[in-house]
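Quick note: the sequence shown, position 59, residue 62 per the numbering used here, numbers continuous. Where a beta carbon is used, it is the ideal one built from N, C-alpha and C, also for glycine. Keep in mind it's a predicted model, so treat the numbers as computed, not measured. Following: one structure in structure tokens, then a few remarks.
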Amino acid sequence: MTEETPHQPRRRGLLIVMTGASGVGKGTLRELWLAEQDVFYSVSWTTRPPRKGERPGQDYHFVDATRFLEGMGQEGFLEHAEFAGNHYGTPRGPIEAALASGQDVVLEIEVKGAMQVRQSTDEAILVFIMPPSMSELRRRLEGRATENPEQIERRLTRAREEILEAHAFDYVVMNEDLTRAVADMHAIQRAERSRSERLSPEALGGIVDS
Ligand SMILES: Nc1ncnc2c1ncn2[C@@H]1O[C@H](COP(=O)(O)OP(=O)(O)OP(=O)(O)O)[C@@H](O)[C@H]1O
Ligand SMILES: Nc1nc2c(ncn2[C@@H]2O[C@H](COP(=O)(O)O)[C@@H](O)[C@H]2O)c(=O)[nH]1
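So this is what it looks like as structure tokens:
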């Protein structure tokens, strides 16, 4: 809910960044967590070719390397990174408007990009999604069957590096039981909405005057 009521003053939206290894279940978790919520999901740009069933403009903006470089100059990215041979970036434009209107914004990105977001803004809430084990992560990547064996090994190598960075993030959510992980995401969002610094003096004045 972003609507202003006498008991719920307008606040700035939350900027929530989900990060973690490829295949840990970020996308699966995000879809369940955000179902029936009016949240702005940031659709990334990527030079990776679309997978079967992926919808341009909804899952990604699929572009070639030339267009990606142009985008870096023109629209500008909040962050961008190379991952397993492809480029990925978060377009900056729509994010500030959504936050200012009180809408929560969710990014789902790899670890280097999440660290760039941390450096560029204090307001980001960084959530690291953790796999129960490397063998389970492998099982999920193999089960998804969207990469070939060599690409899976490349993603697992990167995953080991990423997991060692988990201490740098605000929250760690273990994605073993999916229902529990979804509940953890709701709990983080609820708690962060209650943080007092997200209320402006104007919003508090509105309560006093109501
Ligand atoms: N808690 C879970 N238990 C078992 N399987 C899961 C769980 N969460 C997700 N999966 C499965 O793991 C696979 C990878 O999930 P998903 O594609 O959401 O990962 P991801 O982190 O978004 O990957 P990428 O970063 O590469 O986009 C999917 O087949 C999904 O169904
Ligand atoms: N730094 C960024 N990482 C991103 C972005 N969009 C997605 N991703 C992450 O890349 C890997 C690989 O994704 P896949 O769809 O090819 O499996 C994964 O960890 C994504 O979360 C982005 O804009 N910036």
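Distance CB(residue i)-CB(residue j) smaller than 9 angstroms
i      : j      : result
Thr22  : Val114 : yes
Asp126 : Arg196 : For the sequence presented, residue 126 should be read as Glu rather than Asp. Cβ distance not < 9 angstroms, so Glu126 and Arg196 don't count as in contact.
His83  : Thr69  : no
Val120 : Leu17  : no
Ala53  : Pro59  : The question names Ala, yet the displayed sequence has Pro at residue 53. Yes, the pair counts as a contact, with Cβ atoms nearer than the cut-off.
Met133 : Asn178 : yes
Burial state of residue i, where buried means 16 or more other Cβ atoms lie within 10 Å
i      : result
Arg158 : buried
Thr182 : exposed
Met4   : For Met4, the predicted model reports a pLDDT of 42, less than 50, meaning its position is unreliable; a value from the coordinates is still stated below. Label assigned to Met4: exposed.
Leu167 : exposed
Gln192 : buried
Asp1   : With the chain covering 4 to 213 only, the question about residue 1 has no answer from this structure.
Ser203 : exposed
Distance, residue j Cα to residue i Cα
i      : j      : result
Glu6   : Glu200 : Note on Glu6: pLDDT 48, under 50, position unreliable in the model; no value is reported.
Val27  : Glu156 : 14 angstroms
Glu205 : Asp212 : 10 angstroms
Phe86  : Phe71  : 14 angstroms
Gly88  : Leu102 : 32 angstroms
Glu73  : Gly208 : 44 angstroms
Met118 : Ile210 : 36 angstroms
Thr3   : Glu164 : Because the chain spans 4 through 213 in this model, residue 3 falls outside it and cannot be assessed.
Near ligand 2: residue i beta-carbon under 8 angstroms from a heavy atom
i      : result
Leu72  : no
Lys55  : no
Leu110 : yes
Glu82  : yes
Check: residue i C-beta below 8 angstroms from any heavy atom of ligand 1
i      : result
Lys115 : no
Asp187 : no
Ile132 : yes
Gly28  : yes
Ala184 : yes
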